[in-house]
Amino acid sequence: MSLALTDPITLAGRTASSRVIFGPHETNLAVGRALSARHVAYYERRARGGAGIVVTEVASVHPGDHPYERAPLAAHCGDRWAEIVSACGAHGTLVLAGIGHSGLQGSSAWTQAPLWAPSRVPDPATRELPAEMTEADIHSVTDGFRAAAALAVEADADGVELDAGPTALLRQFLSGLTNHRTDRYGADRLRLLREVIAAVRAELGPGRILALRLSCDENAPWAGITPDEAARYVRELAGSLDLITVVRGGLFTPETYRPDAHTPTGFNRELCRQVRGAVVGLVPVVLQGSVVSPSSAQEAVDRGVCDAVEMTRAQIADPDLVSSVRDHRDPRPCVRCNQACLVRDFRNPEIGCIANAEAGQEDRPAPGVPTTVRDVLVVGGGPAGLEAARGLAGRGHRVTVADRADRVGGMLHTAGSGKGAPPFAELARWLEQRCRDLGVVIRTDTVVGADDLDAAHDAGTAVVLATGSRPRPPGFPVVGGGGYLTATQALRAPETVPDRAVVWDPVGGRVGVAVAEHLVARGRAVDYATIDPIPGSRLAPTGDLVAANARLHRAGVRRHLGVEVRGVDASGVHLVHRVTGSEVVVDSATLVDCSVGLPDDRSTRPGLDGIGDCIAPRTVREAIGEGHRLASEL
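In this text, residue positions in the sequence shown follow full-length UniProt numbering: the first is 1, and each later residue adds one.
Encoded structure:
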């Protein structure tokens with residue numbers, strides 16, 4: 001019998017309302033080391049939208065483990081776990097308390113104490129040498145897991161999920177990369193996990209779910225966990241577990257756990273199929289790994305890859321994903337950009353989504369029905385304008401969008417160009433369709449002049465300016481027939497870029513790297529120049545910094561670091577090193593300028609609301625956030 005993604009699944013006698021899982025992830029919503037009321041609202045919103053299982057943010061089982069500043073500690077989570085269980089259970093959603101320990105991949109910044117590890121192997125990212133755990137240390141961690149499970153039972157959670165994923169101590173004991181011990185925990189690397197499972201099961205009893213998140217490929221076959229080894233592990237453990245989630249990543253590649261759009265969707269399918277084949281009929285298996293499309297998730301279930309699917313980022317983007325599937329609607333797309341949902345960052349950003357301004361803000365009251373229905377003219381059909389129009393029409397206003405281009409979506413279409421770019425065009429299409437469904441009138445090829453604005457204002461029509469940005473004049477001389485293009489011009493019309501180009505990236509974000517890759521893919525010889533000491537210096541928060549540099553290297557892109565542009569003329573592009581003053585001339589090259597534009601504020605006037613890039617050019621997240629906020633308040 002064919003199973004639907006929206007069908008229930010029963011685990012340890014408890015039935016989840018669907019086979020879609022909202023997996024554990026950092027949120028930075030904690031208060032101190034305790035889960036907060038915002039966590040409750042955040043998880044309840046996904047349960048209300050149809051998530052079958054919610055796994056809460058992983059809580060440390062030992063006070064010596066403090067991997068990031070707002071990391072929950074299980075000992076402080078009992079009351080909030082109970083509130084989350086009550087809130088989500090009302091919608092038929094099961095709640096698993098995520099528990100774990102980061103070991104050598106944690107941080108000593110807040111404890112000011114040594115990190116713990118199976119062996120004295122430093123984390124490649126921090127280079128910090130951990131302390132090798134004694135048997136007493138190991139027993140204290142096992143006791144921590146037992147105590148956390150007891151708290152979860154007291155909170156009436158449906159079970160717990162043990163973290164043995166890419167940054168977990170339990171995985172470090174399983175791996176030859178990090179476990180060099182000569183005692184019984186080295187001779188039998190599965191021993192600690194087996195003991196933790198036994199301790200936790202003793203607390204849970206047979207009527208609650210014991211789930212395991214296991215890295216089944218560390219991408220380091222010389223010593224790390226391989227798919228074959230993982231299959232052997234799960235065969236041995238299957239009888240003690242109720243659910244296994246198959247993930248990948250490890251000491252050297254934690255970023256492969258939730259990569260951005262450069263990695264294909266559903267990248268763990270074959271790995272999951274192999275692991276499930278080892279335990280089929282013994283324990284249900286969950287597919288994880290950039291599964292953002294309901295159709296691809298359903299296909300994985302149909303083809304026997306898995307029994308359930310984790311769709312975490314997709315439900316951050318659209319908490320109603322499962323409800324949308326049931327109602328035959330397209331959910332708001334997740335474009336896998338990682339720009340707002342990866343928050344383990346020294347700046348402590350809170351969880352969010354570039355496409356969903358409500359993500360992380362679920363505790364705020366929903367906008368009410370307006371007392372007066374108004375006519376609204378939105379000038380500009382980019383992300384800010386479309387989101388404002390969608391929200392305004394959803395509240396009952398009569399909305400018209402006017403855009404000078406031949407299609408709406410603005411920079412979403414341009415920014416989505418190129419191999420590996422986030423599919424922002426999918427978001428543009430979704431926003432346009434939702435606007436049309438809500439009755440928004442969309443007029444393209446329409447220029448709104450000053451007289452039109454005055455007439456609308458005089459007629460009592462509310463006017464919203466979302467006119468975007470305009471090109472910034474070059475900050476260096478372009479003389480004597482020198483070649484110069486903006487990034488937007490190069491992306492929209494790559495055929496206009498000559499055979500050799502210098503991509504100038506003064507920002508260090510994804511635009512410069514994306515433009516360079518875009519032009520290389522079209523046969524251009526590309527030099528990349530930046531004021532920074534490394535290409536794409538701001539890509540670390542999205543997990544793409546190392547990978548982006550590797551891609552540029554493989555593509556043969558010549559890099560000029562720590563430089564400024566002196567000028568462009570008929571001979572080529574002149575670069576000068578900021579420290580040494582030495583000059584490099586890239587002969588016969590056109591410069592592609594990836595500088596941030598200027599606000600197109602030429603229509604701004606008192607009494608008109610402006611949003612997005614016409615106020616200050618920033619990212620899609622700010623544009624959609626301001627459109628959403630205006631629609632909620634007008």
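Even for Gly, the Cβ is constructed at its ideal location relative to N, Cα and C.
Please read these numbers as outputs of a predicted model, since none were measured by experiment.
Reducing DSSP to helix, strand and coil, say where residue i ends up.
| i | result |
| --- | --- |
| proline 227 | helix |
| tyrosine 68 | coil |
| isoleucine 21 | strand |
| isoleucine 615 | coil |
| arginine 171 | helix |
| serine 290 | coil |
| serine 632 | helix |
| leucine 465 | strand |
| threonine 27 | coil |
| arginine 326 | helix |
| valine 373 | coil |
| alanine 59 | strand |
| aspartate 260 | coil |
| proline 423 | coil |
| threonine 93 | coil |
| serine 102 | coil |
| residue 694 | Residue 694 lies beyond the range of the chain shown here (1 to 634); nothing can be said about it. |
| isoleucine 53 | strand |
Taking the C-alpha atoms as reference points, what is the distance between residue i and residue j?
| i | j | result |
| --- | --- | --- |
| alanine 547 | alanine 487 | 22 angstroms |
| valine 31 | alanine 570 | 59 angstroms |
| glutamine 288 | aspartate 260 | 14 angstroms |
| alanine 41 | arginine 213 | 24 angstroms |
| valine 196 | glutamine 274 | 25 angstroms |
| glutamate 310 | glycine 281 | 20 angstroms |
| alanine 421 | glycine 385 | 22 angstroms |
| glycine 612 | glycine 410 | 12 angstroms |
| valine 378 | glutamate 26 | 36 angstroms |
| alanine 90 | serine 603 | 50 angstroms |
| alanine 238 | valine 279 | 7 angstroms |
| serine 17 | serine 36 | 25 angstroms |
| aspartate 217 | phenylalanine 267 | 12 angstroms |
| valine 448 | proline 331 | 32 angstroms |
| alanine 231 | arginine 276 | 8 angstroms |
| glutamate 350 | arginine 566 | 40 angstroms |
Residue i: which of the options sits nearest, CA to CA?
| i | options | result |
| --- | --- | --- |
| alanine 113 | Glu622, His66, Pro367 | His66 |
| proline 533 | Arg551, Val401, His560 | His560 |
| glycine 509 | Val526, Asp544, Glu358, Pro477 | Asp544 |
| threonine 167 | Val247, Val557, Val464 | Val247 |
| arginine 554 | Val585, Val520, Val563 | Val520 |
| histidine 413 | Pro498, Asp327, Val335 | Val335 |
| valine 121 | Thr134, Ala300, Ala136, Gln105 | Gln105 |
| glycine 205 | Ala90, Val292, Ala157 | Ala157 |
| tryptophan 116 | Ala131, Ile624, Ser107 | Ala131 |
| isoleucine 53 | Gly92, Ala34, Glu69 | Gly92 |
| valine 586 | Val503, Gly627, Cys614 | Val503 |
| asparagine 549 | Asp609, Arg492, Pro535 | Pro535 |
| leucine 465 | Leu630, Cys341, Gly64, Asp406 | Leu630 |
| leucine 29 | Thr10, Leu3, Glu69 | Glu69 |
At which residues does the beta strand (DSSP E) containing residue i begin and terminate?
| i | result |
| --- | --- |
| aspartate 505 | 500-505 |
| aspartate 587 | 583-587 |
| arginine 566 | 563-569 |
| glutamate 310 | 308-310 |
| tyrosine 528 | 525-530 |
| arginine 538 | Careful: arginine 538 lies outside any beta strand (DSSP E) and carries neither H nor E. |
| valine 576 | 572-577 |
Do residue j and residue i come within 8 angstroms of each other at the CB atom, strictly closer than that value?
| i | j | result |
| --- | --- | --- |
| arginine 500 | alanine 366 | no |
| alanine 540 | tyrosine 528 | no |
| alanine 402 | arginine 443 | yes |
| valine 55 | isoleucine 21 | yes |
| valine 399 | valine 376 | yes |
| alanine 164 | serine 215 | yes |
| glutamine 172 | glycine 103 | yes |
| leucine 271 | glutamate 236 | no |
| serine 175 | glycine 224 | yes |
| alanine 308 | proline 284 | yes |
| cysteine 88 | alanine 34 | no |
| valine 592 | valine 497 | yes |
Could you spell out the range, first to last residue, of the alpha helix (DSSP H) harbouring residue i?
| i | result |
| --- | --- |
| threonine 142 | 135-154 |
| arginine 554 | 545-554 |
| alanine 415 | 411-415 |
| isoleucine 351 | Neither: isoleucine 351 is in no alpha helix (DSSP H) and is coded neither H nor E. |
So with Cβ pairs under 8 angstroms, would you call residue i a contact of chain C?
| i | result |
| --- | --- |
| alanine 487 | The structure shown contains no chain C; it is built from a single protein chain. |
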